Structures are given as structure tokens and as C-alpha cells.
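Encoded as C-alpha cells, the structure appears first; notes follow it.
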Amino acid sequence: IGNTPLLSIDIEDPDIAESVNLVGTMTGNITTSLEYLLQQRKAQNKWTNEELATHVSDFNKALRPPSKNFTPHRAIDIVRETVPKNGIISYDVGAHTHQIASQWKAHDPKTCHVTNGWSSMGIGLPGAIAAKIARPDLPVICLIGDGCFQMTVGELATARRQGLAIPVVVLDDRWLSLIQIKQEKRQYAQYGSQVEMDHYEAPPAHYFGVPAVGVRDEAGLKEELEKALKADGPTIIEAVVDASHYLETVFD
468 IGNTPLLSID
478 IEDPDIAESV
488 NLVGTMTGNI
498 TTSLEYLLQQ
508 RKAQNKWTNE
518 ELATHVSDFN
528 KALRPPSKNF
538 TPHRAIDIVR
548 ETVPKNGIIS
558 YDVGAHTHQI
568 ASQWKAHDPK
578 TCHVTNGWSS
588 MGIGLPGAIA
598 AKIARPDLPV
608 ICLIGDGCFQ
618 MTVGELATAR
628 RQGLAIPVVV
638 LDDRWLSLIQ
648 IKQEKRQYAQ
658 YGSQVEMDHY
668 EAPPAHYFGV
678 PAVGVRDEAG
688 LKEELEKALK
698 ADGPTIIEAV
708 VDASHYLETV
718 FD
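Numbering (the working numbering), first residue to last: 468 to 719.
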């Protein structure tokens, strides 16, 4: 982000690197802070509506580079198209965080749940469980990477015991992709970032009694997700994806 001036709006004082150009802070109730900002006189800028629309369009295209393979950005779009607009998504930390945060379109307040940036892995599945307990009337989807899934797979026992109908879509690219990207961009050797061996073919029939299915294309993901949204308990959908576009779409 370079020297871009930033405003922090949070419930706590910002803990941020000195290199970040933080020009102001608003600490307290976020809703109150945003309502206050809306009441202020709008600042003038040189951007026209046409330029803004073009920027948004170009950004969305850049997030979706063409590929003949089944990619994370296509999987995310399929999930967004399939989950009702009032559905809640809970996702985790990693390369997929960048992709989802940039790509996902939330239609209702409080329906896009993620931890703050650069936090530790492991929030996605527990967050989905909490969301479903708090809002059993709404569809809840968990969308996570394979590394995050390995860290929190035991939480499925809780989801099953509570009878929580949560589709858990795992983007399986066989790597800790964000670490892989960092290593490659810094011209380091690839070390300690491979999650699964290349010969791995399909998920087991279940994890802790929760049924698991594998998909390798858009049609398969849509079909299994539609089934999972109608189920009376959790379902694991392992989507094997080609994540090579992360090098273009994930900014480190």
C-alpha cells in the first residue's frame, strides 16, 4: 500500500507497523463510528463514476485469471452463487483469505466472518460452528484451505454432536500456499509447505462420523454443495483445485 494515508476504525487502539502511514484513529463502537462518518461532509476527489466502475471491473477480472483447470477463484464463485444471499460464510487464514476477502460479495450485514489480517490459522471451522449456533435460522458455510482444515478437523466432532448443518468446503491445493508464495517471491527454496503428496486421490468416507466427498470441477462442487445445504448435519466437500494463480492474485 506504500505511503497511502490510512484511517483505523476499531474497538481497540491500532497495533500496527511504524512504516504504515496511519493519519487518524477512531476507537470505540464501530457502528457508532461509521454512523458518525456518514454524517460528515463528503470529501471531494477527482475520480469519476465511470473511472470507479472501470477500476472495480478491472480488479474483478484480475482476481480471476483464465485457466483450463479448476481454480480457487472459480470454486469461490460457485459457492457464492449457490449459497443464499443471507447465508453466512466463515473462512480462515492463508492464501485463500486474500482471495475470498477480495472476491466475496456480502449482501447482508454480519454475514462475512473472518479474523483480522495476519492472525493465526484455525478460525474458520470454529467460527462457522459459532455462527450456526447463534443463527440456526440462516445457512452457514465454512470455506477453508487444506492446511487450516488439518489444524481444526477435530472440531467436526462438535458440529456432528450438535447436529449443525454446515457445509465445509475445503480448497485442497496440497500446499500451505501463502508460505509457498512468500518463499517463491523471495527466491527461497520450497521448504515445509507441502500439505499432501501428489499421489493423494480422494478423501476418506468420513471424518469423525461426518460424511466427506471429493470434487474436481465446478459442476461437482455445485451439486454437492446444494446437497449439503439441505442436509441435517455437517458435510465435508474437498475441492481439489489448481492454485497456481495465487501468485498473480495474492498480494504479500
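The C-beta atom is built at its ideal place from N, Cα and C for all residues, glycine as well.
Computed from a predicted structure; not experimentally measured.
Residue i, DSSP secondary structure in three states
{"i": "residue 560", "result": "coil"}
{"i": "residue 484", "result": "coil"}
{"i": "residue 525", "result": "helix"}
{"i": "residue 678", "result": "strand"}
{"i": "residue 469", "result": "coil"}
{"i": "residue 673", "result": "strand"}
{"i": "residue 610", "result": "strand"}
{"i": "residue 535", "result": "coil"}
Run of the beta strand (DSSP E) containing residue i, from where it starts to where it stops
{"i": "residue 490", "result": "489-494"}
{"i": "residue 586", "result": "Residue 586 -> no beta strand (DSSP E), and no H or E assigned at all."}
Beta-carbon gap between residue i and residue j smaller than 7 angstroms
{"i": "residue 609", "j": "residue 557", "result": "yes"}
{"i": "residue 645", "j": "residue 710", "result": "no"}
{"i": "residue 676", "j": "residue 606", "result": "no"}
{"i": "residue 586", "j": "residue 560", "result": "yes"}
{"i": "residue 670", "j": "residue 681", "result": "yes"}
{"i": "residue 708", "j": "residue 539", "result": "yes"}
{"i": "residue 594", "j": "residue 611", "result": "no"}
{"i": "residue 693", "j": "residue 545", "result": "no"}
{"i": "residue 626", "j": "residue 596", "result": "yes"}
{"i": "residue 495", "j": "residue 474", "result": "no"}
{"i": "residue 703", "j": "residue 635", "result": "yes"}
{"i": "residue 631", "j": "residue 678", "result": "no"}
{"i": "residue 552", "j": "residue 522", "result": "no"}
Per DSSP, cross-strand counterpart(s) of residue i
{"i": "residue 634", "result": "702"}
{"i": "residue 475", "result": "492"}
{"i": "residue 645", "result": "Partner(s): none; residue 645 has no beta bridge."}
{"i": "residue 720", "result": "In this structure the chain extends from 468 to 719, so residue 720 is not present and cannot be described."}
{"i": "residue 555", "result": "607"}
{"i": "residue 707", "result": "639"}
Whole-number beta carbon distance between residue j and residue i, since they are thought to touch under 8 angstroms
{"i": "residue 748", "j": "residue 497", "result": "The structure shown has nothing for residue 748, since the chain only spans 468 to 719."}
{"i": "residue 599", "j": "residue 633", "result": "5 angstroms"}
{"i": "residue 488", "j": "residue 512", "result": "The Cβ separation is near 18 angstroms, so there is no contact."}
{"i": "residue 706", "j": "residue 638", "result": "6 angstroms"}
{"i": "residue 571", "j": "residue 547", "result": "6 angstroms"}
{"i": "residue 581", "j": "residue 568", "result": "7 angstroms"}
{"i": "residue 647", "j": "residue 657", "result": "6 angstroms"}
{"i": "residue 532", "j": "residue 651", "result": "Actually they do not touch by this definition, with Cβ atoms about 17 angstroms apart."}
Boundaries (first-last residue) of the alpha helix (DSSP H) holding residue i
{"i": "residue 546", "result": "539-549"}
{"i": "residue 687", "result": "685-697"}
{"i": "residue 614", "result": "613-619"}
{"i": "residue 715", "result": "713-716"}
{"i": "residue 505", "result": "497-505"}
{"i": "residue 628", "result": "623-628"}
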